[in-house]
Amino acid sequence: MPELPEVETIRRELVPLISGKIFASPLLHMPSAIEYPDSEQFSAALTGQKVLNIGRKGKYLIITLDHGILIVHLRMTGNLLYTEEGPPEKDRYLRLSFPFNDGSALYFSDMRRFGRVWLVADDHELQEKVLKRVGPDIFDEMDLEKFIALLGRRERVMLKALLLNQGFAAGMGNIYTDECLFRCGIHPRRRVSTLSRSEVEALYKAIRAVLNEGIEHGGTTFRDYRNARGTAGDYQSKLAVYGRKGERCRCGSPIEKTTVAGRGTYFCPLCQVEWTATEKET
Ligand SMILES: [Zn+2]
Numbered sequence: 001m002p003e004l005p006e007v008e009t010i011r012r013e014l015v016p017l018i019s020g021k022i023f024a025s026p027l028l029h030m031p032s033a034i035e036y037p038d039s040e041q042f043s044a045a046l047t048g049q050k051v052l053n054i055g056r057k058g059k060y061l062i063i064t065l066d067h068g069i070l071i072v073h074l075r076m077t078g079n080l081l082y083t084e085e086g087p088p089e090k091d092r093y094l095r096l097s098f099p100f101n102d103g104s105a106l107y108f109s110d111m112r113r114f115g116r117v118w119l120v121a122d123d124h125e126l127q128e129k130v131l132k133r134v135g136p137d138i139f140d141e142m143d144l145e146k147f148i149a150l151l152g153r154r155e156r157v158m159l160k161a162l163l164l165n166q167g168f169a170a171g172m173g174n175i176y177t178d179e180c181l182f183r184c185g186i187h188p189r190r191r192v193s194t195l196s197r198s199e200v201e202a203l204y205k206a207i208r209a210v211l212n213e214g215i216e217h218g219g220t221t222f223r224d225y226r227n228a229r230g231t232a233g234d235y236q237s238k239l240a241v242y243g244r245k246g247e248r249c250r251c252g253s254p255i256e257k258t259t260v261a262g263r264g265t266y267f268c269p270l271c272q273v274e275w276t277a278t279e280k281e282t
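Each residue of the sequence shown is one higher than the last, beginning at 1 in this note's numbering.
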């Protein structure tokens with residue numbers, strides 16, 4: 001599913017494509033994709049609005065209009081495609097069409113139907129209706145000191161579960177979490193309380209580096225993800241552990257797959273140490 005680098009890729013592409021454009025009346029092929037307000041209010045409120053700015057928080061794409069804010073969350077299989085050539089042909093998963101008054105349009109398609117769209121009046125409503133339980137963006141709103149402070153409140157939590165928790169920090173999903181933990185050599189089952197200061201710093205650096213690389217490669221595509229121009233990302237070819245069960249790690253050991261925090265988790269049993277010396281003693 002799209003994670004921070006995929007949503008950031010879409011955001012960066014959309015900035016030059018739709019900034020300043022004015023929405024015409026949307027077509028709601030599947031009105032249940034609109035989470036807030038109801039579909040009639042949504043259509044009326046969006047029509048005629050100009051795109052001022054395109055931001056992101058975690059996996060939420062946040063499009064600021066002259067009166068209101070349009071929010072898109074792609075969830076499992078959502079795609080947001082920009083084109084000037086009319087609706088994508090034979091797309092039976094097309095849920096919403098957002099034409100602009102110049103003939104170009106954004107098309108929201110979503111096979112699994114979990115993706116959601118909101119239209120709120122202002123920042124206050126954005127917070128209340130959409131981002132209430134969403135933590136700071138792990139890429140744009142997190143320096144090392146803040147990361148350490150937030151970790152201090154979650155000492156008993158396993159790292160895999162912590163990084164997936166959007167209330168702790170927003171943006172990470174299954175793929176990038178596994179890659180980050182491999183990069184810094186920390187086992188996904190380790191608990192926050194067992195980390196040394198240097199391990200915390202290594203984890204923070206790994207998160208920044210892996211997310212940065214994901215963005216530079218236009219995101220990761222396994223099946224569904226496409227950027228705003230319909231092209232796949234290519235970070236999947238750079239992944240060190242995710243999806244590589246049984247393949248050799250650079251250390252020679254086969255990569256293993258297990259379940260942590262209810263999610264399929266890839267790791268190298270040699271490179272990622274599960275227990276610290278101090279924890280073994282207690
Ligand atoms: Zn290894």
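Yeah, the Cβ is synthetic: ideal placement off N, Cα and C, and Gly gets one too.
{"Item": "Taking only the alpha-carbon atoms, compute the straight-line gap between Thr47 and Phe23 and give it to the nearest angstrom.", "Value": "5 Å"}
{"Item": "Name the one or two DSSP bridge partners that Pro99 has.", "Value": "Ala105"}
{"Item": "Counting C-beta neighbours from all protein chains within 10 Å, is the total for Gln127 16 or more, i.e. buried, or is it exposed?", "Value": "exposed"}
{"Item": "Measure how close the beta-carbons of Glu3 and Lys59 come, nearest whole angstrom, since I'm counting them as under 8 Å.", "Value": "6 Å"}
{"Item": "Within 7 Å: the Cβ of Leu270 and any heavy atom of ligand 1?", "Value": "yes"}
{"Item": "Quick one: is the Cβ of Arg191 within less than 7 Å of any heavy atom of ligand 1?", "Value": "no"}
{"Item": "Compare the Cα-Cα distances from Ser320 to each of Ile148, Leu81 and Asp178 and report the closest residue.", "Value": "In this structure the chain extends from 1 to 282, so residue 320 is not present and cannot be described."}
{"Item": "Does any heavy atom of ligand 1 sit closer than 7 Å to the C-beta of Ser43?", "Value": "no"}
{"Item": "Cutting at 7 Å between CB atoms, please list the residues of its own chain near Phe114, excluding the five before and the five after it.", "Value": "Arg75 and Met76"}
{"Item": "Please list the segments of the alpha helix (DSSP H) lying wholly inside the segment 194 to 244, counting only runs of 4 or more residues, in order along the chain.", "Value": "197 to 216"}
{"Item": "Counting pairs of Cβ atoms below 8 Å between the segment 171 to 184 and the segment 239 to 248, do you hit three or more?", "Value": "yes"}
{"Item": "Between Arg263 and Ile10, what straight-line distance do the alpha-carbon atoms span, to the nearest angstrom?", "Value": "26 Å"}
{"Item": "Alpha carbon to alpha carbon, how far is Ile54 from Leu17? Give it in angstroms, no decimals.", "Value": "11 Å"}
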